[in-house]
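J.: Would you mind keeping the following structure in view while I ask a few things?
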Amino acid sequence: MTATLPETAHQQTDKADKYARLIQPTRVHGSLYTDPEVFAEELERIWYRTWVYVGHESEVRRPGDYVRKNIGPQDVVMTRDRDGEVHLLLNRCAHRGNLVCDAPSGNSNSFRCPYHGWTYRNNGDLLGYPYNKGYGGKGKLALGLGRLPRVASYQGFVFGSFASDGPTLTEHLGAAAGELDRLARLSPEGEVELTAGWLKHRTRANWKLLAENETDGYHPQFVHGSIFSVTGSPIGALYSDNSTAVTRDLGGGHSENDLRPEFRRFGEPMRWFGTTEDRVPQYVARMRELHGPAAEEILVEGSPHVMIFPNLFIAEIQLFVIQPLAAGECVQHATAIQLKGAPELNRRMVSQCVGSAGPAGMLLADDTEMYERNQRGVALREPEWVDIRRGVDRERTDDNGFRIGTATDETGMRGFWSHYRNLMEA
Amino acid sequence: MTAPATTDDTALDLRQVEQFLYREARYADEHDYDAWEALWTDDALYWVPAGAPDGDPVQQMSVISDNRSRIATRLGQLRTGKRYAQSPPSHLRRIVSNVEILDDDDAAGPGRVPGDLTVGANFVLVESRERGKEIWAGRTTYRLRLVEGRLRLAYKKVVLVDHDRALPTLSFLI
Ligand code: FES
Ligand SMILES: [Fe+2]
């Protein structure tokens, strides 16, 4: 954990003023994407404080499994100890700071630092150090690997927080938890698995451009018009001016494109997946057997399209994790969602995700081109502001009290920024 | 400079193979999508693995894993001129070298047909875009087939030296 000096009241007011100036209800300042000082403050106030998505339990299924992950620039090892508990450890030796884990993943109950041979249990405890007389003997050092003080998971999605206290994960997720439920219930066994491996896409843009774009229903027709026209994809229509889909501010910086109104209009099972039920007969039969009449709703409504603040994006069949590295650089990690007990869907999800996501993806490479061009654009001096007013005058409140806009409105972005501002001013 | 090549009578010499690889590279460098597409057989697999270089392209994520119809989709998107990641197109030049005819069935990839010729080569490629310059390098395994007297490409696997690292956008033909 990074130590921060206590701030004087004066400094705090300055900061509050600064973000109040830069973040206004319908526009945000370009410097928020380019200023290294803003980025440094985001690390402290968002990435090293709030709940951040790190990995999935299916990536460390057995005791001893570990996998390298990250929170922004922090190198984190997610482990499962012999009692089955999941830990998030910082990959830094307590002796002189070397990296203790160099493999991307594996199975081991301990880690040995290559520099002077200190060893650690996979829960972070220091096990031993060579030539221990130099330290007065065995078991004398109250040291260990750094670890995230709070680790919690929901539907197998593991989140970590660098803050020892604060809102619980359930409080942080709020309404977004329901979206993870919706995803998990698509599995006949109620479980999501992230076992298809990862694409890592280096992006020369600020992380917030990605987070904002994830539920921007205004861009698909334009940015993705090329691929929609070649494949005859019906996705474009979901984000047209006539679409009945809505953009929802879920609170807590989370937002979604709720496409269910469109899918309900058609009422066709598996349309959300771009197929028909006869193409995936075993899956559909198993879901009907399991859920009875309730299966129809699940099969028609499909998977969520949700951005969970600050870094987890689920787009129906694929999942993205945003890793910020600097004001102008981040990495997008992408994988195909796999549903336990649904082999018919899983192969197709890998194939579709490979086609659309990652550095060569027929969708995401174009999104990424936009992020990178945007990053260059917001660095220009005028007109200084990025506009986020689209749909502000036609926003409504839905039955559950959430703000919603049409499929192409910037409701999600406004929700993102209001939460961002709260965190940055706190 | 000749090498015995195939198991059947249609022996190909290394010179012909190299000429084919160079041509394929030039079509890709110059965004000659029609000429490049015409090189492929119907059972094509164009594969750029991600993570492990020998993963399973059916069950694991790849950077690219295109069968013949997806190659057509990819090129179709490029031809619209609105594939923004490649519009304006990258300036590209690549060197293909260390060309070897391989007798290695393991390298041949799935779906090898008797008579197919497996060839390995290394490459270095410079991509220049407004965003900046990228150096790409790696090992390519090709599977070539003589169809009606002309060489065609049935399989192209590109293992980038950066295969397990974060990659920038790769929207041209590699
Ligand atoms: S730095 Fe790890 S043992 Fe010395
Ligand atoms: Fe997009």
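So the sequence lines, in the order shown, correspond to chains E and X. Okay, so the first sequence: first residue is 1 according to full-length UniProt numbering, each after it adds one. Okay, so the second sequence: first residue is 1 according to full-length UniProt numbering, each after it adds one. Ideal Cβ placement from N, Cα and C applies to all residues, glycine included. Remember, predicted model here, so these are calculated numbers, not experimental data.
1. Using 8 Å for Cβ pairs, my map puts E:T247 next to E:T411. What's the rounded Cβ distance?
2. Decide if E:L186 is buried, meaning its Cβ has at least 16 other Cβ atoms within 10 Å, or exposed.
3. Is it true that the CB of X:P49 sits closer than 8 Å to the CB of X:V159?
4. Measure the alpha-carbon distance for E:P73 versus E:E425 and round it to whole angstroms.
5. Where does E:I206 sit, in a helix, a strand or coil, going by DSSP?
6. Beta-carbon within less than 6 Å of E:R286's beta-carbon, same chain only, minus the 5 sequence neighbours each way: which residues are those?
7. Taking 8 Å as the threshold (beta carbon to beta carbon), is X:R68 in contact with chain E?
8. How big is the Cα-Cα spacing for residue 427 of chain E and E:M370?
9. I want to verify the contact list: residues of chain E whose CB lies under 8 Å from the CB of X:Q16, in sequence order.
10. Mind pulling the chain X residues with CB within less than 7 Å of E:D366?
11. Ordered along the chain, which non-local residues of its own chain (more than five positions away) have a Cβ less than 8 Å from that of E:G144?
12. Would the segment 189-196 of chain E count as touching the segment 263-283 of chain E if we require 3 or more Cβ pairs under 8 Å?
13. Quick one, are the C-beta atoms of E:G64 and E:S105 less than 8 Å apart?
14. List the DSSP bridge partners of X:I64.
15. Would you say E:N109 touches ligand 1, meaning its beta carbon is less than 7 Å from a heavy atom?
16. Got a sec? Which residues, its chain only, sit under 6 Å from E:L99 by beta carbon, not counting five neighbours each side?
17. Helix, strand or coil for E:A426 per DSSP?
18. Please report the distance separating the alpha-carbon of E:R147 from that of E:G160.
19. Pull every residue with its beta-carbon under 6 Å away from any heavy atom of ligand 2, and keep them in chain order.
20. Could you tell me which of E:Q155, E:V86, E:A175 sits nearest to E:G401, measuring between CA atoms?
21. Can you say whether E:M1 is buried or exposed, counting buried as having 16 or more other CB atoms within 10 angstroms of its CB?
22. What runs of the beta strand (DSSP E), each 3 residues or longer, lie entirely inside the segment 111-165 of chain E?
23. Please list, in chain order, the chain X residues whose beta carbon lies closer than 7 Å to that of E:S229.
24. Comparing the CB of E:R96 with every heavy atom of ligand 1, is any distance shorter than 7 Å?
25. Would you call the segment 194-207 of chain E and the segment 301-308 of chain E touching, i.e. three or more CB-CB distances under 8 Å?
26. How would you call X:I95, buried or exposed, if buried means at least 16 neighbouring beta carbons within 10 angstroms?
27. Using the beta-carbon of each residue, which ones in chain E are nearer than 9 Å to X:V158?
28. Give me, in chain order, the residues of the same chain whose beta-carbon lies closer than 6 Å to that of E:D398; leave out the 5 immediate sequence neighbours on both sides.
29. On the three-state DSSP scale, how would you describe X:N98?
30. Does at least one heavy atom of ligand 1 sit under 7 Å from the Cβ of E:C353?
31. Taking DSSP as the reference, what is the three-state secondary structure of X:Y27?
32. Quick one: which chain E residues come within Cβ less than 7 Å of residue 175 of chain X?
33. E:F416 and E:A211 look like a contact to me (Cβ under 8 Å); what is the Cβ gap, rounded to whole Å?
34. X:S97: which of X:A35, X:D43, X:N122 sits nearest, CA to CA?
35. Just the Cα atoms here: how many angstroms apart are E:G134 and E:D102?
36. My assumption, with CB atoms under 8 Å, is that E:T368 sits in contact with E:H219. Please give the rounded CB distance.
T.: So, from the data block:
1. 4 Å
2. buried
3. yes
4. 22 Å
5. Looking at the sequence provided, one finds Asn at residue 206 of chain E rather than Ile. In this structure, E:N206 counts as coil in the three-state DSSP scheme.
6. P188
7. no
8. Limits of chain E in this structure are 1 at one end and 426 at the other, which puts residue 427 of chain E out of reach.
9. Those do not exist, as X:Q16 stays about 30 Å from chain E at its closest Cβ, beyond 8 Å.
10. R83, Y84, A85
11. A94, Y120, G124, D125, L126
12. no
13. no
14. X:V48
15. no
16. N91
17. coil
18. 10 Å
19. E:H219, E:P220, E:V223, E:H224, E:L363, E:D367
20. E:A175
21. Any reading at E:M1 needs caution, since the residue's pLDDT is 41, under 50, leaving its predicted position unreliable; the model's value is listed next. Label assigned to E:M1: exposed.
22. 119-121, 126-128, 150-154, 157-161
23. T80
24. yes
25. no
26. exposed
27. Within 9 Å Cβ-Cβ: nothing; X:V158 doesn't reach chain E, min ~11 Å.
28. I404
29. strand
30. no
31. helix
32. The question about residue 175 of chain X has no answer, for chain X in this structure spans 1 to 174.
33. 6 Å
34. X:N122
35. 27 Å
36. With 8 Å as the limit, E:T368 and E:H219 do not qualify as a contact, their Cβ atoms being about 12 Å apart.
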